[in-house]
Amino acid sequence: YPGARLGHILSDAGPDLVLTDTAHTQLLPAAGIPRLCVDEVDFDTAGPTAEPAAGLPAHAAYTMYTSGSTGRPKGVVITHRDVVNGVLRLADIVGIGAGTRVLAGTSVNFDVSVFETVTTLAAGGVLEVVRDVLVIGERGGWSGGVISTVPSVFSELLDQAEGTIKAETVVFAGEALPAALVKRAQDTIPGVRVINAYGQTESFYATAFTADEAWTATAATAPIGVPLANMGAYVLGPALQPLAPGVVGELYVAGNVARGYLGRARLTAERFVADPFGPAGARMYRTGDLARRGADGRLECVGRDDEQVKVRGFRIEPGEVESALTAHPAVTQALVTTCRHEGRDHLVGYVVPAAGREPGPKAVASLGDLDIDLTATVSPRDLRTFVSARLPEFMVPSLFVLLDRLPLAPNGKLDRKALPAPEFTGSAYRAPGTPGEEILARVYADVVGLDRVGVDDDFFALGGDSIRSIQVVARARAQGIEITPRQIFECRTVTDLARTAASGGRAQPDLAELPGGGVGFVPLPPVGHYLEELGGQADRFTMAMTVDLPAGMDRDGLVATLSAAFDRHDILRSRRATGPEAGLEVAAPGTTDVRPLIHAVAHHGPWDDAWRQRAQSELDAAADRLDSAGAVMAQFVWFDTGTQAPGRLSILLHHLVVDGVSWRILLPDLAAAWRQIRDGATPRLPETATSVRRWTHALAEAATGERSAELGLWRRTVDAPDPLLGARPFDPAVDTIATVERIGLDLPAETTQALLTTLPAAYRGGVNDGLLTALALAVAVWRRRRGIDEPSTLVRLEGHGREESAVPGADLSRTMGWFTSMYPVRLDVSEVDLDQALAGGAATGAAVKAVKEQLLAVPDKGIGYGMLRYLNAETKAILKRYGSGQIVFNYLGRYTGAANMPQDLHGLGFTQVEDTVTLTPALDGKMSALASLAVTAHVTDTERGPRLEASLDYPSGLLAETDVQELAELWRTALTGLAHHAAQPGAGALTPSDVPLVTVDQRELDRWQEQYQGMADAWPVTAMQDGLLFHAELVGTAVDVYQMQFAFHLTGEVEPRRMRAAGQALLDRHPNLRTAFVTDSAGDRVQIVQDGVELPWQERDLTDLTESRRQEHLRRFLASEHRTHLDPSRAPLMRISLVKLASDRWDLVLTAHHVLFDGWSVPLLMLDLLRLYRSYGDASALGRAPAFRDFLTWLSHQDHAATAHAWQRELAGVDEPT
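The sequence shown begins at 5 in the working numbering and counts up by one.
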């Protein structure tokens, strides 16, 4: 809720105490009301003794605020009597008793939540609180007693999760219930009871109707039933006279209705009237709903008698929204109504701006071509921003329609039927403008799990990471967009990535396959050689994933689905090769029978702890059945629930054939194959571009070439201090898996979200930057406490290893296999105040910047280390002498269930079951432990948001539990400090890798950022800019011949505030207008790009002067303005003035330095300026401006030596100035 609305509610309700938490207390307005933060309460300590308040039935239980037609929300006071009556009656009707599991997904701002919570807990039931019922679709199903929901949301849920829900009862409320939805629910959930409950905030629940399997619909919507006990319902006509059955009238609810509206006696008297049919003093509530009573006595609701509407179950007074819209200075009239689109009601705002709209030109060649209407209209984006600051989200219209006038009927009244139908094309964000942008925006949203993504949204700021970037590549290529993971990292936004793809996409030819394609001998990749060094039974080195199966899956369907995946992915058909060279032998497609790999387990109970124990036992047994030498690389444990209910499948794969990215390829393929099989088609899965066989051969070849030059880097990394973590060195013969213990760690959702999005956005980095910064700080402090002063930490990192740049032309976006790279990196925080950084203080930023740059300094994300360590005989002998770090770190990314499945495959099963990440078989106890300390982290989506979970594994004979626990707590402290730091104003900074067009170290870059607030980039200057600045320096503050002035004569009414907003938006739109020019430590000129630069603006009104004096004042003003020096070291090097000469004559004066733009740019800038004036400064409709930075980037890639040589030849013999 916006602060103004919260302020009104708190002021109106006047509570004695606000219950909140520290994360949200800053969002509350300063109302002078005491606050209690629950996360600061020590619940283990006994509190003060207090006598419980003696509650009476007529006492207020709560006040709930609903939309008000006057523009102010109104508080409805509900008594204990009202709540108790509704709870008891509904518990009996719905069948909620001790142990009943109820899914609660309604906002506490909606009275349905009172039924869900109080009824369930009062009856001794089990309450499962979720974000909303759509969570069921994301999970892949739900099983329990009661689901409470709104019809429109449940309909959307069935589209996603049909056949995966088990429930005894579904209770609908908040909207009219379509009869078709009742039957669909009964067909989808066998045996379910459907209850249509009716009521308002003013009456809590008043009536209910139960539809059993025998019910037959006689109308388009289900009845609302009969009154609950102690409630009454009347259908009345004029003079409050009862109407006969079948006659439509206004519905009145009587009995235990609300006390009234808080502090609004007149409104209470209007809506709560005397009940002429009840005892003396009884009241009834005018609902505003139109209803009729059927012949069977059941009530049917047929519409509204007033203008009130319901959207997504929320009751909305259009008048309140209209009041907010007409408060906008550019709006003269507004009308708000609903429109149905794709089965859901949407709030639509029809707006008449202060002036009409005229389309502007599409392009301009010169200043003389400019013809823009200056009496332009307000934009939908502006309206949305304006209204969002005044109303809660559910009251903000989904879209706006701008009209010249509202349509009127012949009698002068509003003709609602003549309103144009809205076009549902999205708003409030910059939508895709090209087919490529549309595809990439859908893919971005699909991969990161959002409803939609704007073309200017940063992929990594949305929570994307390197693993998800591979998913983007695969899904984009499937739709014809050729991109690479590196391009996603460099371009980041949809619009930049689409432009790159359109200009060439992959700049290198595809890597040709070897004869035989993916079939034949496959050399072991570096990580495969690492596995061999671990010893023990390597066949227990596995990865496991437990997924849901769609209803209707039988053994034949499962066999066909798995067979399709085996035929597509070569590595699944591999076996350990017997011969002098370590590797795998891949068999041809169609040669693997998957039937023996499936172990069926009948299951007909709940998915509870007992099932989990059984699943763990089955996976351990399955691991014993793996046989890499015998081509048994996979096992499938099928928990068979029959074809009428969704089962589960535990997939166990030898690690040689799978990695974290591979699951994101395999699971969608299984879902796609099943869909085709279910529909009677032969499954055809997308092709794989580069096979594992081709990749490993190419990797071995590349290891003996230019890659050898990295040897010195890796030797320097590992040949430096790495003090022992334990009392002795790690011994692989002693420190085995059997000795490994584990300490777990998890972070709350708020902290996790900051580490996933806020911190990476602030420092233009990735999730690993924050996690490893915190680990480096924790280890340094941990060592310091033990008397060891070593600020650097040697860590062995694991990456996905799919660095296609290592093998030009490779495309691994659809290749299954184990590509993981392992490489050492030294994290040095020597110049950081450890205590301050650990606590999230000022030094935290220095630590993040240092670690970020150290990670980026590793070429190709470390893939070269494994190549030289295992695939090159000469370098192998050298690197083998060094350790690669006592600590191994692996961030596995984000487990998002359905978000890892493309949108078109949702509801087809094969999504990971929630809370099964740790359901894996044990490794062989005789195998060497992975390291002295193995740190593994991943993010799991929960109902409260994403949560980081981590484990610290250590050999118990090497490290003590207390020592590891201390390190874990230090890491937690550092992570929390980083999250706290990221939320602070001013957090974030550039590092040298963020300004690749110039050469600068961190110290000088920090100095620039201190001097230039809002620094966003640093660019070199062009030769022309360098020359202009040279001449400007020669004349100093005297007249600068390169300082330009343009005076544009405007006719008509001009709004100065609007023009100033347009000028500011122009400055914001073009970064090269916001540059300041400095000289770096090497003596080269650099232009600093700043964000948040304010446009110098001034106004002059000369209308009171005579014409001669007016012209003289104008002449002197222009001369003075032209003489006023623009300082190249201070942005912006431009300013705008607006001079009023008459009511319909104005001069717009632009003063700028030539170093910013050339003459050809002036018409383009003026076109943008006037378009921005038309939109009140809203640049969203203009699209992204072509970037001057792109030209500078192209220029930096040119061969400057060859250019100089060419001009030297051209000018040979010329000895005079040119």
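The C-beta atom is built at its ideal place from N, Cα and C for all residues, glycine as well. What you are looking at is a predicted structure, and each value in this text was computed from that prediction instead of being measured.
Going by beta carbon distance, what residues of the same chain come within less than 7 Å of alanine 706, once the five residues before and after it are set aside? In the sequence shown, residue 706 corresponds to position 702, counting from 1. Closer than 7 Å at the Cβ level, and outside the excluded window around alanine 706, lie Ala810, Val811, Met871.
How would you write the range of the beta strand (DSSP E) that phenylalanine 144 sits in, first residue to last? Within the sequence shown, the letter at position 140 stands for residue 144. For the sequence presented, residue 144 should be read as glycine rather than phenylalanine. Per DSSP, glycine 144 lies in no beta strand (DSSP E) and is assigned neither H nor E.
Assess contact between the stretch 256-273 and the stretch 207-223, defined as three or more Cβ pairs (one per stretch) separated by less than 8 Å. Is contact present? yes
Tell me the DSSP secondary structure of leucine 934 in three-state form. Position 930 of the sequence shown holds residue 934. Here leucine 934 sits in coil by DSSP.
Buried/exposed call for valine 1218, threshold 16 Cβ in 10 Å: Translated into positions along the sequence shown, residue 1218 becomes position 1214. Valine 1218 is exposed by the Cβ-count criterion.
Cβ-Cβ separation, valine 42 to leucine 23 (assumed contact under 8 Å), whole Å: Along the sequence shown, one-based indexing puts residue 23 at 19. Along the sequence shown, one-based indexing puts residue 42 at 38. Indeed they touch by this definition, with Cβ atoms about 7 Å apart.
Use the C-beta contact count for proline 1075: other C-beta atoms within 10 angstroms, 16 or more gives buried, fewer gives exposed. Taking the sequence shown and counting its residues from 1, the one referred to as residue 1075 is at position 1071. Its Cβ being crowded by 16 or more others within 10 Å, proline 1075 is buried.
Can at least three beta-carbon pairs, one atom from the stretch 136-147 and one from the stretch 92-101, be found at a separation below 8 Å? no
I'd like the span of the alpha helix (DSSP H) that includes histidine 1157, first residue to last. Locating residue 1157 in the sequence shown gives position 1153, where the first residue counts as 1. Annotation: histidine 1157 is outside any alpha helix (DSSP H); the continuous beta strand (DSSP E) that includes it extends over 1149-1157.
Roughly how many angstroms lie between the CA atoms of valine 1025 and phenylalanine 1192, to the nearest whole one? Working through the sequence shown from its first residue, we reach residue 1025 at position 1021. Working through the sequence shown from its first residue, we reach residue 1192 at position 1188. Taking the straight line from one Cα to the other gives about 11 Å.
Could you tell me if glutamate 1220 is buried or exposed, where buried requires 16 or more neighbouring beta carbons within 10 angstroms of its beta carbon? Taking the sequence shown and counting its residues from 1, one reaches residue 1220 at position 1216. Exposed, because fewer than 16 other Cβ atoms sit within 10 Å of the Cβ of glutamate 1220.
Tell me the DSSP secondary structure of glycine 203 in three-state form. Working through the sequence shown from its first residue, we reach residue 203 at position 199. Three-state result, glycine 203: strand.
Selected residue, minimal CA-CA separation from aspartate 16, among Ser152, Gly267, Val150: Within the sequence shown, numbered from 1, the residue matching residue 16 stands at position 12. Sorting Ser152, Gly267, Val150 by C-alpha distance to the C-alpha of aspartate 16 places Gly267 at the top.
Quick check: what's the CA-CA separation for glutamine 969 versus arginine 789? Against the sequence shown, residue 969 aligns to sequence position 965. Against the sequence shown, residue 789 aligns to sequence position 785. Going by the C-alpha atoms only, they are around 14 Å apart.
Roughly how many whole angstroms lie between the Cα atoms of glycine 709 and tryptophan 718? Here residue 709 refers to the residue found at position 705 of the sequence shown. Here residue 718 refers to the residue found at position 714 of the sequence shown. Glycine 709 and tryptophan 718: Cα-Cα distance of roughly 16 Å.
Measure the C-alpha to C-alpha separation of glutamine 1006 and alanine 108 and round it to an integer number of angstroms. On the sequence shown, residue 1006 is found 1002 positions in, with the first residue counted as 1. On the sequence shown, residue 108 is found 104 positions in, with the first residue counted as 1. Rounded to whole angstroms, glutamine 1006 to alanine 108 spans 51 Å at the Cα level.
Name the two residues that bound the continuous alpha helix (DSSP H) containing valine 98. Against the sequence shown, residue 98 aligns to sequence position 94. Residues 84-98.
If you compare alpha carbons, which of Ser834, Ala1080, Ala286, Val590 is closest to aspartate 1095? Taking the sequence shown and counting its residues from 1, one reaches residue 1095 at position 1091. Of the candidates Ser834, Ala1080, Ala286, Val590, the one whose C-alpha sits nearest the C-alpha of aspartate 1095 is Ala1080.
Close beta carbons around leucine 982, own chain, < 8 Å, minus the five adjacent residues each side: Here residue 982 refers to the residue found at position 978 when the sequence shown is read from its first residue. Taken in chain order, the residues that qualify are Ala758, Leu759, Leu763, Gly774, Thr777, Ala778, Gly844, Thr848, Val852.
Reduced DSSP secondary structure (H/G/I, E/B, other) of tyrosine 1046: As a working note, residue 1046 is residue 1042 in the sequence shown. In this structure, tyrosine 1046 counts as coil in the three-state DSSP scheme.
Pair within 8 Å by beta-carbon distance, leucine 404 and valine 477: Residue mapping note: residue 404 aligns to position 400 of the sequence shown, counting from 1. Residue mapping note: residue 477 aligns to position 473 of the sequence shown, counting from 1. Strictly speaking, residue 404 in this sequence is phenylalanine, with leucine absent from that position. No. Outside cutoff.
Touch test, the stretch 282-300 against the stretch 28-40, Cβ-Cβ under 8 Å, three pairs minimum: no
What do you get for valine 1045, buried or exposed, if any count of 16 or more other CB atoms within 10 angstroms of its CB means buried? For the purposes of this step, residue 1045 is identified with residue 1041 of the sequence shown, where counting begins at 1. Valine 1045 is exposed by the Cβ-count criterion.
Mark arginine 446 as exposed unless 16 or more other C-beta atoms lie within 10 angstroms of its C-beta, in which case mark it buried. For this step, residue 446 is matched to residue 442 along the sequence shown. Classification of arginine 446: buried, given that the 10 Å Cβ count is 16 or more.
Give a yes or no on whether 8 Å exceeds the smallest Cβ distance from serine 392 to chain D. The structure shown contains no chain D; it is built from a single protein chain.
Whether asparagine 772 touches tyrosine 869 by CB criterion (8 Å): Your numbering for residue 772 matches position 768 in the sequence shown. Your numbering for residue 869 matches position 865 in the sequence shown. In this structure, tyrosine 869 does not lie closer than 8 Å to asparagine 772 by Cβ.
From which residue to which residue does the alpha helix (DSSP H) around aspartate 571 run? Taking the first residue of the sequence shown as position 1, residue 571 is located at position 567. Taken as a continuous stretch (DSSP letters only), the alpha helix (DSSP H) holding aspartate 571 covers 559-572.
Do isoleucine 228 and glutamate 179 have their C-beta atoms within less than 8 Å of each other? Indexing the sequence shown from 1 puts residue 228 at position 224. Indexing the sequence shown from 1 puts residue 179 at position 175. Cβ distance not < 8 Å, so isoleucine 228 and glutamate 179 don't count as in contact.
For valine 196, the three-state DSSP class (helix, strand or coil): Locating residue 196 in the sequence shown gives position 192, where the first residue counts as 1. Correct three-state label for valine 196: coil.
Does the stretch 921-940 touch the stretch 696-706, meaning 3 or more C-beta pairs lie closer than 8 Å? No, because fewer than three Cβ pairs between the stretch 696-706 and the stretch 921-940 fall closer than 8 Å, the two stretches do not touch.
Consult DSSP for leucine 912 and reduce its assignment to one of helix, strand or coil. The count along the sequence shown starts at 1 and reaches residue 912 at position 908. Three-state result, leucine 912: coil.
Beta bridge counterpart(s) of aspartate 524 as assigned by DSSP: The sequence position of residue 524 within the sequence shown is 520, counting from 1. Inspection of the sequence shows that residue 524 is occupied by glycine rather than by aspartate. DSSP lists Val590 as partners of glycine 524.
For alanine 978, which of helix, strand or coil comes out of DSSP? Translated into positions along the sequence shown, residue 978 becomes position 974. Helix at alanine 978.
Comparing C-alpha positions only, which one of Pro600, Gly897, Ala854, Val783 sits nearest to threonine 977? The residue you call residue 977 lines up with position 973 of the sequence shown. Minimum Cα distance to threonine 977 is reached at Val783.
For isoleucine 320, I'd like the list of residues in its chain whose CB is within less than 6 Å of its CB, leaving aside the five on either flank, ordered along the chain. Your numbering for residue 320 matches position 316 in the sequence shown. For isoleucine 320, where only same-chain residues beyond five positions count, the Cβ hits under 6 Å are Ser71, Val313, Met399.
Only counting the same chain, and skipping five residues up and downstream in sequence, which positions put a Cβ closer than 6 Å to that of phenylalanine 176? Translated into positions along the sequence shown, residue 176 becomes position 172. Listed in chain order, the non-local C-beta contacts of phenylalanine 176 below 6 Å within the same chain comprise Pro155, Asn200, local neighbours out to five positions each way being set aside.
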